[in-house]
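Quick note on my numbering: the sequence shown kicks off at 553 and runs consecutively.
Glycine included, every Cβ here is placed at the ideal spot set by N, Cα and C.
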Amino acid sequence: MKILAIETSCDETAIAIVEIKQQGKTTKFKILGNEVSSQIDIHKEYGGVYPALAKREHIKNLPLVFEKVLRKAKIREKDINKKINAIAVTTGPGLEPALWTGIVFAKELSSKYKLPIVPVNHMEGHIFSIFPKKGKNFTIKNTKELFPMLTLLVSGGHTELVFIKNWMKYKKIGQTRDDAVGEAFDKVARMMGLPYPGGPEIGKLASMERENVVPESLAQADGPSTSKNFSRNLLRADGNNISSEILEIKLPRPMMYSKDYDFSFSGLKTAVLYMIRDIGELTDDIKRKIAKEFEDAAFEVLSYKTMKAIREYKIKTLIVGGGVSASPQLKKVITNEIKKVRKSDFLKIKAHFPGRGHTGDNALMIAIAGYYQYKNKKYTTKLGSIKANGNLSL
Ligand code: KG4
Ligand code: ZN
Numbered sequence: 553m554k555i556l557a558i559e560t561s562c563d564e565t566a567i568a569i570v571e572i573k574q575q576g577k578t579t580k581f582k583i584l585g586n587e588v589s590s591q592i593d594i595h596k597e598y599g600g601v602y603p604a605l606a607k608r609e610h611i612k613n614l615p616l617v618f619e620k621v622l623r624k625a626k627i628r629e630k631d632i633n634k635k636i637n638a639i640a641v642t643t644g645p646g647l648e649p650a651l652w653t654g655i656v657f658a659k660e661l662s663s664k665y666k667l668p669i670v671p672v673n674h675m676e677g678h679i680f681s682i683f684p685k686k687g688k689n690f691t692i693k694n695t696k697e698l699f700p701m702l703t704l705l706v707s708g709g710h711t712e713l714v715f716i717k718n719w720m721k722y723k724k725i726g727q728t729r730d731d732a733v734g735e736a737f738d739k740v741a742r743m744m745g746l747p748y749p750g751g752p753e754i755g756k757l758a759s760m761e762r763e764n765v766v767p768e769s770l771a772q773a774d775g776p777s778t779s780k781n782f783s784r785n786l787l788r789a790d791g792n793n794i795s796s797e798i799l800e801i802k803l804p805r806p807m808m809y810s811k812d813y814d815f816s817f818s819g820l821k822t823a824v825l826y827m828i829r830d831i832g833e834l835t836d837d838i839k840r841k842i843a844k845e846f847e848d849a850a851f852e853v854l855s856y857k858t859m860k861a862i863r864e865y866k867i868k869t870l871i872v873g874g875g876v877s878a879s880p881q882l883k884k885v886i887t888n889e890i891k892k893v894r895k896s897d898f899l900k901i902k903a904h905f906p907g908r909g910h911t912g913d914n915a916l917m918i919a920i921a922g923y924y925q926y927k928n929k930k931y932t933t934k935l936g937s938i939k940a941n942g943n944l945s946l
């Protein structure tokens, strides 16, 4: 069968057409077309996504992206009802004005070509985003060995740990009580005068800092943030010892040792705000140090709680998804910790991250999740029942 998928939950207008074949326990996917039109340059000016602007841009972009995908998939408009079997569309979570544009577009296509609609949860899409590899073809094996699974979903709107007993059976075990981790990255970046989206910008500065300086300052869990001048020896990567007056940057690891699986990133963000106020003028060197310490603090907390859940639930597969999973540092931290858990707890756990180009919002992941929903008969031709839900939960 062929699925056309539409994703407009935030600032990417994305459409994909995917062909799916079931062969025994293996599901074979072939990407016929997969286009993403990003609005980042437009939202950059505002330092974040501006919903009314996102809506306007989606409305403008949807027909153009649609045309492009059809061309790539070599499907003529008049053949759509013969070639496509269902339309999958993101109905939430996300920005409601943005979600509605995709839903309205899907409904128009559904009426015109007499196709059923499969409503898809954006976060479920992120879970499936680990399967596409390089190239157009990939498979998903329906095997029990993968379970129980755990997924760490980290994006601009979400920070969640979800236990997955079997496909489509989700139990949220923890989530952020305030800001999402990606949101904290974006806000901290803004405080430092870096462009939106802040995650990759902070990541770049943090890795510059890591490459240059060897000794690390270990911050106290939940301890106060401090920034003080002190003199110490720095060992640079080029081997030269240099002594200088530098600033020691320490940030708290909020809720790291709390008994639950919840997170909190708003205090960490505020700690950075106060630190910046204390410091006054931010030099490039200080920006790099703050970026590194902020990234370390956020990722240590994410990783610590994820490992704790892996041990408690005897997890066999970890899936990390959402925009923040693009961070090479997060991948490094989690992969290292997984190695330790495998040794200490004799767990045969494997961690999976989305491949390049699949970490951010896209319609390919909506097509995959849509296929499984379709197989579960979660499709409809009653268009009135399909609504946007900005707070839709797994
Ligand atoms: O999943 P996504 O593309 O959109 C939402 O559904 O929110 O996630 C976007 C978020 C942004 O907050 C962005 O700053 C963050 O992912 N992000 C990163 C990195 N790349 C993107 N955060 C940290 N490090 C990165 N390398
Ligand atoms: Zn997303």
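From the DSSP secondary-structure annotation, give me the bridge partner or partners of Ile838. According to DSSP, Ile838 bridges with nothing at all.
Put Ser681 into one of helix, strand or coil per three-state DSSP. In the three-state DSSP reduction, Ser681 falls in the coil class, being neither helix nor strand.
Between Ala566 and Ile583, is the Cβ-Cβ spacing less than 8 Å? At least 8 Å separates the beta-carbon of Ala566 from that of Ile583.
Measure how close the beta-carbons of Leu820 and Leu803 come, nearest whole angstrom, since I'm counting them as under 8 Å. About 6 Å separates the two Cβ atoms, so the contact holds.
Closest to Asn586 by CA distance: which of Gln881, Lys580, Glu559 is it? Nearest of Gln881, Lys580, Glu559 to Asn586, Cα basis: Glu559.
DSSP beta-bridge partners of Pro1011: The structure shown does not extend to residue 1011, since the chain is modelled only from 553 through 946, so no value can be given for it.
Between Gly599 and Tyr748, how many whole angstroms is the CB-CB distance? I'm expecting something under 8 Å. About 5 Å separates the beta carbon of Gly599 from that of Tyr748, a gap short enough to meet the 8 Å contact definition.
Relative to the alpha-carbon of Thr691, which residue among Phe618, Val570, Glu619 has its alpha-carbon at the smallest distance? Measuring from the Cα of Thr691, the nearest candidate turns out to be Val570.
Going by the DSSP bridge assignment, what does Lys723 pair with across the sheet? Partner(s): Phe715.
Beta carbon of Lys577, beta carbon of Thr695: below 8 Å? For the pair Lys577 and Thr695, the CB atoms are nearer than the 8 Å cut-off.
Could you check what DSSP says for Ile867 in three-state terms: helix, strand or coil? Of the three classes helix, strand and coil, the one that applies to Ile867 here is coil, per DSSP.
Cβ of Glu845 within 7 Å of any heavy atom in ligand 1? The answer is no for Glu845.
Kindly provide the chain-ordered list of residues whose Cβ lies closer than 6 Å to any non-hydrogen atom of ligand 2. Every residue passing the under-6 Å Cβ criterion appears here: His674, His678, Ser707, Gly874, Gly875, Asp913.
In DSSP terms, what Phe581 is bridged to: Ile572, Phe690, per the DSSP bridge assignment.
Classify Lys664: buried if its beta carbon has 16 or more other beta carbons within 10 angstroms, exposed otherwise. The C-beta of Lys664 has fewer than 16 other C-beta atoms within 10 Å across all chains shown, which makes the residue exposed.
Out of Asp913, Glu845, Ile801, Tyr809, which has the shortest C-alpha to C-alpha gap to Ile510? With the chain represented from 553 up to 946, any question about residue 510 goes unanswered, as that position is not in the structure.
Which value, in whole angstroms, describes the spacing of the CA atoms of Asn941 and Cys562? Near 13 Å, if we compare the C-alpha coordinates of Cys562 and Asn941.
Count the C-beta pairs between the segment 908-918 and the segment 675-684 that are closer than 8 Å, then say yes if the count reaches three, no if not. By the Cβ test, the segment 908-918 is in contact with the segment 675-684, since at least three Cβ pairs between them sit closer than 8 Å.
Span separating the alpha-carbon of Pro767 from that of Lys857: For Pro767, the predicted model reports a pLDDT of 43, less than 50, meaning its position is unreliable and no value from the coordinates is stated.
Between Ala650 and ligand 1, is there a pair consisting of the residue's CB and a ligand heavy atom that are separated by less than 7 Å? It does not: the Cβ of Ala650 is nowhere closer than 7 Å to a heavy atom of ligand 1.
Beta carbon of Gly599: closer than 7 Å to some heavy atom of ligand 1? No.
Which residue wins for smallest C-alpha separation from Ile611, given the options Lys900, Pro649, Val641, Phe715? It is Pro649.
To the nearest angstrom, report how far apart Arg729 and Ile871 are at their CA atoms. Arg729 and Ile871: Cα-Cα distance of roughly 21 Å.
Taking the CB atoms as reference points, tell me whether Pro645 and Leu944 lie closer together than 8 Å. Pairing Pro645 with Leu944 gives a Cβ-Cβ distance under 8 Å.
From Val893 to Ala878, what distance separates their C-alpha atoms? Their Cα atoms are separated by approximately 23 Å.
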